[in-house]
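Count along the sequence shown starting at 1, add 42, and that's the number in the numbering used here.
Beta carbons are placed, not taken as given, at the ideal position from N, Cα and C, and that holds for glycine.
Remember, predicted model here, so these are calculated numbers, not experimental data.
Each remark here refers to the structure printed beneath this line.
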Amino acid sequence: MPFEQAVRAVMEQNGVNACAIVDIETGECLARAGVTVTGVLETAGLVNARMLRAKMRFASDQHHETIEDVLITLDRHYHMIRLIACSAGLATMFIYVILDKTVANLALARRKVAEVQKQMVNSEESARQIDQTRLRLIGGELEPSKVYGEIEAFPQDDLPPFMRDDVAMRLLGIDVASEVEAVEKMLHDLAEREQ
Numbered sequence: 043m044p045f046e047q048a049v050r051a052v053m054e055q056n057g058v059n060a061c062a063i064v065d066i067e068t069g070e071c072l073a074r075a076g077v078t079v080t081g082v083l084e085t086a087g088l089v090n091a092r093m094l095r096a097k098m099r100f101a102s103d104q105h106h107e108t109i110e111d112v113l114i115t116l117d118r119h120y121h122m123i124r125l126i127a128c129s130a131g132l133a134t135m136f137i138y139v140i141l142d143k144t145v146a147n148l149a150l151a152r153r154k155v156a157e158v159q160k161q162m163v164n165s166e167e168s169a170r171q172i173d174q175t176r177l178r179l180i181g182g183e184l185e186p187s188k189v190y191g192e193i194e195a196f197p198q199d200d201l202p203p204f205m206r207d208d209v210a211m212r213l214l215g216i217d218v219a220s221e222v223e224a225v226e227k228m229l230h231d232l233a234e235r236e237q
């Protein structure tokens with residue numbers, strides 16, 4: 043099942059607002075569908091890719107397990123992430139779905155996304171597309187370590203500006219400095235109360 047067909051299949055599910063297939067290492071949206079504000083899927087792809095890499099390492103190191111899916115529950119939406127493995131069996135991308143909490147049936151949506159993921163992994167066309175995302179020309183030379191590997195795709199110093207945490211947080215409207223100050227104040231107040 044090609045990427046575009048996969049996102050369309052997920053979009054058929056009741057309550058799905060948007061769907062994207064995202065590369066875990068780069069955060070790039072490889073296919074997308076649905077109604078969102080411009081840049082939301084791209085920004086979410088970047089942020090979720092970084093979060094997934096950290097969670098995958100933690101699950102592997104601490105529990106010797108792999109992640110199947112991740113669910114984030116908000117006031118009005120569910121954000122569902124389902125990992126997709128390449129032919130080598132390693133998760134290289136994910137399906138990212140935004141659902142309207144008032145309309146969507148979460149169990150049916152999870153089932154549909156799992157079916158689409160399975161069809162993608164078992165499809166020759168999808169397997170070819172998935173494997174091709176692993177081979178990119180960066181700077182005119184093939185640098186697989188920048189695209190896939192056990193280590194972070196980009197060390198923090200080499201991150202493109204749009205992938206740095208501070209930039210991603212600003213894109214999401216989060217003022218990191220204010221949040222840090224608020225947490226520090228809360229911890230200070232708690233310490234004073236305990237004394």
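In the DSSP annotation of this structure, V77 is not part of any beta strand (DSSP E), being labelled neither H nor E. In the DSSP assignment, I66 forms no beta bridge with any residue.
Under the 8 angstroms Cβ criterion, the region 105-112 does not count as touching the region 46-61, having fewer than three qualifying pairs. Residue pairing by DSSP places T115 opposite Y120 in a beta bridge. Note on geometry: alpha-carbon atoms of E167 and M43 lie some 6 angstroms from one another. Residues V49, V52, M53, A75, G76, V139 of the same chain have their beta carbon placed closer than 6 angstroms to that of C61, with the five preceding and five following residues left out of the count.
In the assembly as shown, R153 is an exposed residue. Its beta-carbon has fewer than 16 other beta-carbons within 10 Å. Within the region 150-174, not a single complete alpha helix (DSSP H) segment reaches 4 residues in length. With a contact defined as Cβ atoms closer than 8 angstroms, I66 and M135 qualify at about 6 angstroms. If you draw a straight line from the Cα of V82 to the Cα of C71, it comes to about 11 angstroms.
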